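Line by line, the protein sequences give chains C and Z. Numbering-wise (our numbering), the first sequence opens with residue 36 and increments by one. Numbering-wise (our numbering), the second sequence opens with residue 262 and increments by one. For reference, the structure is listed below as structure tokens.
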Amino acid sequence: MQVSSTLDEANPAAAHSSRTWSRAFQDIAQAARQRNLWGYLGWQDIKQGYRRSVIGPLWITISTGVMTLALGILFGGLFGNPLHEFLPYVAVGLICWTFISNCINEGAQVFIANEGLIKHLPAPVTTHVFRLVWRQTLFFAHNLLIYLIIFAIFPQPVDLSLLLVVPALALLIVNAGWASLLVGIISTRFRDIPPITGNIVQLLFYLTPIVWSYETLINSESAVVRERAVLAQLNPFMHFIEMVRRPMLGLETNPTNWLVVGAITVVGWAVALFMLRNYRARVSYWV
Amino acid sequence: MVSIDVWNASVDFPIFDAKSRSLKKAVLNKAGGKIGTDSKVPVIEALRDINISVAHGDRVGLVGHNGAGKSTLLRLLSGIYEPTRGHSRIVGKVAPVFDLGVGLDPEMNGIENIMIRGLFLGMTRKQMESRVDEIAEFTELGDYLSMPLRTYSTGMRVRLALGVVTSIDPEILLLDEGIGAVDASFLAKARDRLNDLVKRSGLLVFASHADEMLMELCTKAIWMDKGQVRMQGPIRDVLTAYKGRDPYEHMSKEGLERLGHGSPASAPAGESA
Numbered sequence: 036m037q038v039s040s041t042l043d044e045a046n047p048a049a050a051h052s053s054r055t056w057s058r059a060f061q062d063i064a065q066a067a068r069q070r071n072l073w074g075y076l077g078w079q080d081i082k083q084g085y086r087r088s089v090i091g092p093l094w095i096t097i098s099t100g101v102m103t104l105a106l107g108i109l110f111g112g113l114f115g116n117p118l119h120e121f122l123p124y125v126a127v128g129l130i131c132w133t134f135i136s137n138c139i140n141e142g143a144q145v146f147i148a149n150e151g152l153i154k155h156l157p158a159p160v161t162t163h164v165f166r167l168v169w170r171q172t173l174f175f176a177h178n179l180l181i182y183l184i185i186f187a188i189f190p191q192p193v194d195l196s197l198l199l200v201v202p203a204l205a206l207l208i209v210n211a212g213w214a215s216l217l218v219g220i221i222s223t224r225f226r227d228i229p230p231i232t233g234n235i236v237q238l239l240f241y242l243t244p245i246v247w248s249y250e251t252l253i254n255s256e257s258a259v260v261r262e263r264a265v266l267a268q269l270n271p272f273m274h275f276i277e278m279v280r281r282p283m284l285g286l287e288t289n290p291t292n293w294l295v296v297g298a299i300t301v302v303g304w305a306v307a308l309f310m311l312r313n314y315r316a317r318v319s320y321w322v
Numbered sequence: 262m263v264s265i266d267v268w269n270a271s272v273d274f275p276i277f278d279a280k281s282r283s284l285k286k287a288v289l290n291k292a293g294g295k296i297g298t299d300s301k302v303p304v305i306e307a308l309r310d311i312n313i314s315v316a317h318g319d320r321v322g323l324v325g326h327n328g329a330g331k332s333t334l335l336r337l338l339s340g341i342y343e344p345t346r347g348h349s350r351i352v353g354k355v356a357p358v359f360d361l362g363v364g365l366d367p368e369m370n371g372i373e374n375i376m377i378r379g380l381f382l383g384m385t386r387k388q389m390e391s392r393v394d395e396i397a398e399f400t401e402l403g404d405y406l407s408m409p410l411r412t413y414s415t416g417m418r419v420r421l422a423l424g425v426v427t428s429i430d431p432e433i434l435l436l437d438e439g440i441g442a443v444d445a446s447f448l449a450k451a452r453d454r455l456n457d458l459v460k461r462s463g464l465l466v467f468a469s470h471a472d473e474m475l476m477e478l479c480t481k482a483i484w485m486d487k488g489q490v491r492m493q494g495p496i497r498d499v500l501t502a503y504k505g506r507d508p509y510e511h512m513s514k515e516g517l518e519r520l521g522h523g524s525p526a527s528a529p530a531g532e533s534a
């Protein structure tokens with residue numbers, strides 16, 4: 036295990052040498068170099084959950100698929116959206132949301148759940164975050180199969196802007212990194228945070244346009260509904276999901292989504308790095 | 262060159278009880294003002310004012326009573342705990358072997374567990390793949406390696422873990438006691454591998470209660486007492502002071518033979534800490 040070699044000239048007098056930016060960045064760089072480890076563990080985590088089951092990880096796909104179908108038919112009917120538009124819409128939204136919510140909820144446990152490893156093996160703390168995000172990315176890949184199946188049944192008018200999916204997913208993953216790191220550090224210190232984040236994430240599922248369409252509401256005849264719909268713009272998760280969803284459904288790109296996500300990426304990482312700098316060395320004391 | 266240096270290091274554990282670990286107390290305290298020492302988290306001083314310098318080639322034994330801070334010190338030297346006060350600098354790849362069971366997953370089969378344990382000890386996937394056969398042979402587990410670990414007996418688990426641990430190339434090897442607790446017939450075989458491992462490593466720190474093993478593997482020693490370093494020096498001197506008698510006096514015959522009959526392991530060139 037590659038362990039911190041303090042590169043800043045070993046000056047025994049330097050105060051608080053473990054709380055430096057360079058140590059924080061080193062932590063991430065070393066974790067990134069250990070992709071053998073977290074890569075293998077991430078795969079094993081997935082295989083692990085489905086050991087002895089006949090179709091194994093395909094259950095991930097099937098359960099998301101059933102959910103998509105049920106919610107799509109139910110809410111499509113309620114809001115009067117045509118199924119051939121609404122099913123792909125729900126599918127993409129749900130796949131993204133699963134990724135986001137899992138990264139936050141499991142992020143809250145990312146250090147607590149790895150107590151044994153943290154106390155016995157020296158590793159950069161972000162190794163555990165990499166493992167989590169990698170595992171969720173693999174989940175996401177399994178779920179993409181649903182999009183492909185639905186796409187085959189109800190082809191969408193996608194064009195070259197579909198290529199935007201690549202940077203969109205990259206941004207989504209990068210943001211998952213800071214979110215799980217930040218929630219993870221705070222939760223390790225304050226054990227009330229995991230249930231709180233759990234509740235917030237649950238609530239946000241309904242406030243984010245996943246099983247309902249923002250455009251349906253904003254064009255609604257009722258002024259009250261239109262007013263509420265505008266409020267949805269304030270929900271950062273909407274921008275993440277729209278950023279990924281629009282190219283996948285062949286909808287026009289909305290630059291606002293990208294701007295908001297870009298800003299969140301910068302601010303989020305700044306905060307997470309600050310926390311990493313100050314509390315990286317405390318994590319092993321807190322777990 | 263590998264080395265570990267620790268200056269005036271202390272390790273303080275905050276003890277959060279269920280209440281103070283929660284936000285409630287932090288928030289309520291903010292609102293209601295501080296109430297005496299209540300707002301402070303109690304702290305256990307596990308290590309105090311540790312000054313240690315271990316260089317390439319050093320073989321250091323760690324002795325002391327239960328709760329003296331040996332395991333915590335090993336964790337400090339491995340970089341798991343960074344000192345709450347003072348400083349530490351670790352140069353080199355650390356392979357800590359504190360608990361043979363950690364990182365083993367009962368649901369995975371033997372081969373997968375070998376892989377994971379090796380990766381955790383800092384090996385790459387390729388390195389591990391090239392060593393799997395050799396480890397499998399050593400463990401004598403045969404077809405069992407494709408079975409989930411939960412079907413293994415305790416002894417079989419130890420063989421597997423020991424097989425992996427002794428196959429790595431550590432720069433800094435940190436061993437905690439218990440590694441010697443293997444069944445007798447297997448021990449002879451494991452001992453050779455353990456010795457080889459120690460020889461391959463650039464630096465060893467070994468915590469143990471077993472005099473013979475300490476004398477065999479180490480040249481220097483550190484005596485820990487109540488979280489502080491009580492004494493550092495050549496292994497024989499420290500053991501004599503710690504036990505109140507020369508370690509050679511009460512050693513078994515075969516132990517003496519292995520050590521070359523009473524000639525104390527010669528101290529390495531460097532100064533003896």
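Every residue gets a Cβ at the ideal spot worked out from N, C-alpha and C, and that includes glycine. A quick note: this is a predicted structure, and the numbers were derived from the prediction, not measured.
Nearest-angstrom Cα distance between residue i and residue j?
| i | j | result |
| --- | --- | --- |
| Leu421 (chain Z) | Leu361 (chain Z) | 9 Å |
| Pro117 (chain C) | Tyr182 (chain C) | 17 Å |
| Gly115 (chain C) | Val246 (chain C) | 12 Å |
| Ala143 (chain C) | Thr232 (chain C) | 8 Å |
| Val218 (chain C) | Ser513 (chain Z) | 56 Å |
| Ser271 (chain Z) | Leu335 (chain Z) | 13 Å |
| Gly505 (chain Z) | Asn149 (chain C) | 42 Å |
| Gly111 (chain C) | Thr133 (chain C) | 20 Å |
| Phe60 (chain C) | Arg312 (chain C) | 8 Å |
| Gly330 (chain Z) | Arg58 (chain C) | 26 Å |
| Asp62 (chain C) | Leu206 (chain C) | 21 Å |
| Val209 (chain C) | Ala307 (chain C) | 12 Å |
| Gly322 (chain Z) | Ile372 (chain Z) | 32 Å |
| Ile130 (chain C) | Gly318 (chain Z) | 54 Å |
| Phe7 (chain C) | Asp472 (chain Z) | No answer is possible for residue 7 (chain C): it lies beyond the span of chain C, which begins at 36 and ends at 322. |
| Tyr503 (chain Z) | His326 (chain Z) | 10 Å |
| Glu256 (chain C) | Glu262 (chain C) | 11 Å |
| Gly383 (chain Z) | Asn71 (chain C) | 10 Å |
| Asp366 (chain Z) | Tyr405 (chain Z) | 15 Å |
| Val236 (chain C) | Lys487 (chain Z) | 47 Å |
| Ile433 (chain Z) | Leu464 (chain Z) | 5 Å |
Find the nearest neighbour of residue i within the set the options, judged by alpha-carbon distance.
| i | options | result |
| --- | --- | --- |
| Glu401 (chain Z) | Z:Gly383, Z:Gln388, Z:Phe381, Z:Val425 | Z:Val425 |
| Leu308 (chain Z) | Z:His326, Z:Gly340, Z:Thr345, Z:Val324 | Z:Thr345 |
| Val145 (chain C) | C:Glu120, C:Ile235, C:Leu198, C:Arg226 | C:Arg226 |
| Ile135 (chain C) | C:Ser215, C:Val302, C:Val125, C:Gln268 | C:Ser215 |
| Pro508 (chain Z) | Z:Asn312, Z:Val324, Z:Ser264, Z:Val304 | Z:Val324 |
| Val301 (chain C) | C:Leu197, C:Gly212, C:Val279, C:Leu93 | C:Gly212 |
Kindly indicate if chain Z contains any beta-carbon less than 8 Å away from that of residue i.
| i | result |
| --- | --- |
| His119 (chain C) | no |
| Arg280 (chain C) | no |
| Gln83 (chain C) | yes |
| Pro92 (chain C) | no |
| Gln65 (chain C) | no |
| Gly77 (chain C) | no |
| Thr151 (chain C) | It should be noted that the sequence gives Gly, not Thr, for residue 151 (chain C). Interface residue, yes. |
| Ala316 (chain C) | yes |
| Leu72 (chain C) | yes |
Using a C-beta cutoff of 8 Å, does residue i count as contacting chain C?
| i | result |
| --- | --- |
| His511 (chain Z) | no |
| Thr412 (chain Z) | no |
| Glu390 (chain Z) | no |
| Phe274 (chain Z) | yes |
| Ile429 (chain Z) | no |
| His317 (chain Z) | no |
| Asp360 (chain Z) | yes |
| Val490 (chain Z) | no |
| Tyr342 (chain Z) | yes |
| Met262 (chain Z) | no |
| Phe381 (chain Z) | yes |
Per DSSP, residue i is paired with what?
| i | result |
| --- | --- |
| Gln493 (chain Z) | Z:Ile483 |
| Leu436 (chain Z) | Z:Val358, Z:Phe467 |
| Glu306 (chain Z) | Z:Asp273 |
| Ser264 (chain Z) | Z:Ala316, Z:Val352 |
| Val459 (chain Z) | None; Val459 (chain Z) has no bridge partner. |
I'd like to confirm something about residue i: is its beta-carbon nearer than 7 Å to some heavy atom of the ligand SAM, or not?
| i | result |
| --- | --- |
| Ile429 (chain Z) | Although the ligand SAM was asked about, the structure shown includes no ligands whatsoever. |
Would you check if the region 72–88 of chain C and the region 155–173 of chain C touch, i.e. whether three or more CB-CB distances between them fall below 8 Å?
-> The region 155–173 of chain C, when compared against the region 72–88 of chain C, does touch it at the 8 Å Cβ threshold.
For the region 281–297 of chain C against the region 187–202 of chain C, are there 3 or more C-beta pairs whose distance is under 8 Å?
-> yes
Per the contact definition of three or more C-beta pairs closer than 8 Å, is the region 335–353 of chain Z in contact with the region 406–413 of chain Z?
-> no
Three or more C-beta pairs closer than 8 Å, one from the region 349–356 of chain Z and one from the region 490–507 of chain Z: is that the case here?
-> Segments in contact, no.
Is the region 95–105 of chain C touching the region 152–168 of chain C in the sense that three or more CB pairs, one from each, lie closer than 8 Å?
-> no
Are three or more beta carbon pairs between the region 267–278 of chain C and the region 291–305 of chain C nearer than 8 Å?
-> yes
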